[in-house]
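Take 639 as the starting number for the sequence shown in the working numbering and just add one per residue.
Glycine included, every Cβ here is placed at the ideal spot set by N, Cα and C.
Small disclaimer: the values here were computed from a predicted structure and weren't measured.
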Amino acid sequence: MSPIKVAVQGAMGRVGQEVVKAVSREPDMQLVGAVDIKVPGAFLTLPDGSGTVPASAKVEEIITKYQPDVLVDFSSAPATMTAARIVFKSKVGMVVGTTGLTKENIEEIGKLAAENGVGAVVAPNFALGAVLMMHLAKLAAKYFDYAEIIELHHHLKADAPSGTALLTARQMAVARGKPFARPPEKEAFASRGQSLEGVTIHSVRLPGLMAHQEVLLGTSGQTLSIRHDTINRECYMPGVLLAIREVVKRKGLTYGLDTLLGL
Numbered sequence: 639m640s641p642i643k644v645a646v647q648g649a650m651g652r653v654g655q656e657v658v659k660a661v662s663r664e665p666d667m668q669l670v671g672a673v674d675i676k677v678p679g680a681f682l683t684l685p686d687g688s689g690t691v692p693a694s695a696k697v698e699e700i701i702t703k704y705q706p707d708v709l710v711d712f713s714s715a716p717a718t719m720t721a722a723r724i725v726f727k728s729k730v731g732m733v734v735g736t737t738g739l740t741k742e743n744i745e746e747i748g749k750l751a752a753e754n755g756v757g758a759v760v761a762p763n764f765a766l767g768a769v770l771m772m773h774l775a776k777l778a779a780k781y782f783d784y785a786e787i788i789e790l791h792h793h794l795k796a797d798a799p800s801g802t803a804l805l806t807a808r809q810m811a812v813a814r815g816k817p818f819a820r821p822p823e824k825e826a827f828a829s830r831g832q833s834l835e836g837v838t839i840h841s842v843r844l845p846g847l848m849a850h851q852e853v854l855l856g857t858s859g860q861t862l863s864i865r866h867d868t869i870n871r872e873c874y875m876p877g878v879l880l881a882i883r884e885v886v887k888r889k890g891l892t893y894g895l896d897t898l899l900g901l
């Protein structure tokens, strides 16, 4: 069986570099191109020094010349949408981990993938532990009246609250069947954070942090805490590799890693 040909957009970014390393190590995958506005030239040296891979600031150049099966995208929302409008027409699947995508962006990605008969996997978080944290929070949601989320990320993160925190709150409310109760407040306090479905989300942005989230649930006489911490960006790679292997088998949009894990 021939290896899955993979190109990476955002290849010079923190997560993109990890994707390049991970794909380069997999025997059933072949890294055929790197896309980034910061590429130093026509080629990018592989992390293990084993060779180079074609590189370009233009996604259409890599798609046209090297014909990957999958584009893995960890870039920016505008770059993601530009790529989506190009790659799906070339029958190339996409694995998207870019943050800051709107609901309309995700709907467009799904529509383009379906129209062109290829797959797209979009996930707000590729860390397996984070996905399990959200799953456990959904299971617990129906048994507790109150819930809050504290999410902590590095100071350069583009969005707040994080996509993972927003998705967690929505999924918990769906599992509960109604919004969570909120403590009585005589007036709105900005320091209480953003509320979604009755869940108050507190966002922390500091140097030294990476990605952390704690879900706190409370009811009469007891609380439950569910927390996930990432130590480094390698944590996303098992999920990304799973998505690459799955997206070539699918058509249309698959949203969330939980679907691929059968949760």
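Query, Result
"Paired residues, beta bridge with H791 - DSSP", "R843, A849"
"Those residues which DSSP pairs with K643 across a bridge", "Q668"
"Distance between V653 and K703 (C-alpha atoms, nearest Å)", "24 Å"
"As assigned by DSSP and simplified to three states, the class of F726", "helix"
"Distance between L770 and F712 (C-alpha atoms, nearest Å)", "22 Å"
"Pick from A752, V725, L805, H773 that is closest to G738, judged by C-alpha positions", "L805"
"Of the listed residues S863, S833, A721, nearest to L777 (C-alpha basis)", "S863"
"V812 classed as buried or exposed, judged by whether at least 16 other C-beta atoms fall within 10 angstroms", "exposed"
"Identity of the residues DSSP links to R820 by a beta bridge", "For R820, which the question treats as bridged, DSSP gives no partner whatsoever."
"Whole beta strand (DSSP E) elements within the region 714-774, 3-residue minimum", "731-734, 757-760"
"Candidates L774, K749, T718, E742: closest to V733 by CA position", "T718"
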